[in-house]
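First residue of the sequence shown? That's 2 in our numbering, and the numbers climb one at a time after it.
Worksheet: the structure to be examined is printed underneath.
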Amino acid sequence: MTLRVAADKDTGVAVVTLDRPHKLNAIDLDTAAELGAVWRELRFDDTVRAVVLTGAGERAFCTGLDRDAVVPQPNSPYMQDDPLLRIGPKANDLWKPVVAAVTGMACGGAFYLLGESEFVVADPTAVFFDPHTTYGMVSAYESVLMAHRMPYGEVARMMLMGTAERMSAQRAYDVGLVSEIGPPGGALEAAVRCAAVIAGYPAEGVQGTVRALWAAKEAARAQAYAQAPPLIALGNLPTARQAELFAGRRDGGYRTR
Numbered sequence: 002m003t004l005r006v007a008a009d010k011d012t013g014v015a016v017v018t019l020d021r022p023h024k025l026n027a028i029d030l031d032t033a034a035e036l037g038a039v040w041r042e043l044r045f046d047d048t049v050r051a052v053v054l055t056g057a058g059e060r061a062f063c064t065g066l067d068r069d070a071v072v073p074q075p076n077s078p079y080m081q082d083d084p085l086l087r088i089g090p091k092a093n094d095l096w097k098p099v100v101a102a103v104t105g106m107a108c109g110g111a112f113y114l115l116g117e118s119e120f121v122v123a124d125p126t127a128v129f130f131d132p133h134t135t136y137g138m139v140s141a142y143e144s145v146l147m148a149h150r151m152p153y154g155e156v157a158r159m160m161l162m163g164t165a166e167r168m169s170a171q172r173a174y175d176v177g178l179v180s181e182i183g184p185p186g187g188a189l190e191a192a193v194r195c196a197a198v199i200a201g202y203p204a205e206g207v208q209g210t211v212r213a214l215w216a217a218k219e220a221a222r223a224q225a226y227a228q229a230p231p232l233i234a235l236g237n238l239p240t241a242r243q244a245e246l247f248a249g250r251r252d253g254g255y256r257t258r
């Protein structure tokens, strides 16, 4: 298993942990399937009324799709398979509140998870960036989700600057992506504390509020998602060229703002 789930029946809070620290909690196909299964299972567990999502280790919350994952694709731009589209709680019809606790890096496909969380609590070490453009890929779904969480200019800068810049926890707080910066090493505790408060309220009102909040942006997200497959098909470099660019990356060489 690449996930850990710990539920506290007294508080009504479940903590879901991405547990691949040796891979910076990157998501392979097994992890993607496990995430979908966990969200669907939590739909039926009435003892869980709020969820905290985090990553194991201190280096990363999640670095997106595992580069070693092999995703077979139909030979058609109209039938692309994206294994990350179903990893979030909302994509699996879970309307219990999810609070993300971010320590270290959150980048690329991590935004599928952050975009479907109610709010984000960050460690001071948290940094956010999107490497897609650096490696010749279109940032489509990630951009759409983050466009609902930050001002347009901030999202555009993050997605277009690629690996050259990282957004600090403080900057993410200033622009609204992060709702709280916990003390060093305390993001998970702070997120659990918030989740416990929410879990103590009547579940019907909480879940209805989550659904209403998502409805406020659902139509625009669905229309934007519909444009994503052809944009990716047109804009992505061939896989081999992407791999060359990734292999030629250098450590460092970025600024944090």
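We put the CB at the ideal spot given by N, CA and C, even for glycine.
Since this is a predicted model, take the numbers as computed values, not measurements.
Roughly how many angstroms separate the alpha carbons of residue i and residue j, rounded to a whole number?
i, j, result
"residue 202", "residue 214", "17 Å"
"residue 77", "residue 195", "45 Å"
"residue 221", "residue 111", "21 Å"
"residue 189", "residue 56", "9 Å"
"residue 8", "residue 91", "20 Å"
"residue 45", "residue 36", "15 Å"
"residue 250", "residue 79", "31 Å"
"residue 128", "residue 152", "17 Å"
"residue 137", "residue 40", "32 Å"
"residue 1", "residue 11", "With the chain running from 2 to 258 in the structure shown, residue 1 is simply not present."
"residue 205", "residue 115", "23 Å"
"residue 197", "residue 181", "16 Å"
"residue 183", "residue 59", "14 Å"
"residue 236", "residue 147", "20 Å"
"residue 1", "residue 47", "Nothing about residue 1 can be read from this structure; the chain reaches only from 2 to 258."
"residue 218", "residue 117", "11 Å"
"residue 5", "residue 119", "20 Å"
Of all the options the options, which has the alpha carbon lying nearest to the alpha carbon of residue i?
i, options, result
"residue 50", "110, 19, 14 and 9", "14"
"residue 67", "24, 172, 206 and 208", "24"
"residue 95", "210, 58 and 73", "210"
"residue 141", "124, 154 and 109", "109"
"residue 72", "85, 60, 63 and 64", "85"
"residue 224", "125, 83 and 145", "145"
"residue 156", "171, 130, 181 and 164", "130"
"residue 233", "159, 81 and 172", "81"
"residue 164", "185, 253 and 118", "253"
"residue 1", "217, 258 and 33", "Only positions 2 to 258 of the chain appear in this structure, which leaves residue 1 out of reach."
"residue 256", "162, 97 and 245", "162"
"residue 75", "230, 21, 20 and 126", "230"
"residue 30", "6, 17, 83 and 18", "83"
With DSSP collapsed to three states, give me the class of residue i.
i, result
"residue 117", "coil"
"residue 181", "strand"
"residue 71", "coil"
"residue 164", "helix"
"residue 247", "helix"
"residue 66", "strand"
"residue 158", "helix"
"residue 53", "strand"
"residue 207", "helix"
"residue 88", "coil"
"residue 27", "coil"
"residue 103", "strand"
"residue 122", "strand"
List the residues that DSSP assigns as beta-bridge partners of residue i.
i, result
"residue 5", "18"
"residue 144", "None; residue 144 has no bridge partner."
"residue 169", "128"
"residue 256", "166"
* Asked: Any chance the stretch 235–244 sits against the stretch 152–168, with 3 or more Cβ pairs inside 8 Å?
  -> No contact exists between the stretch 235–244 and the stretch 152–168.
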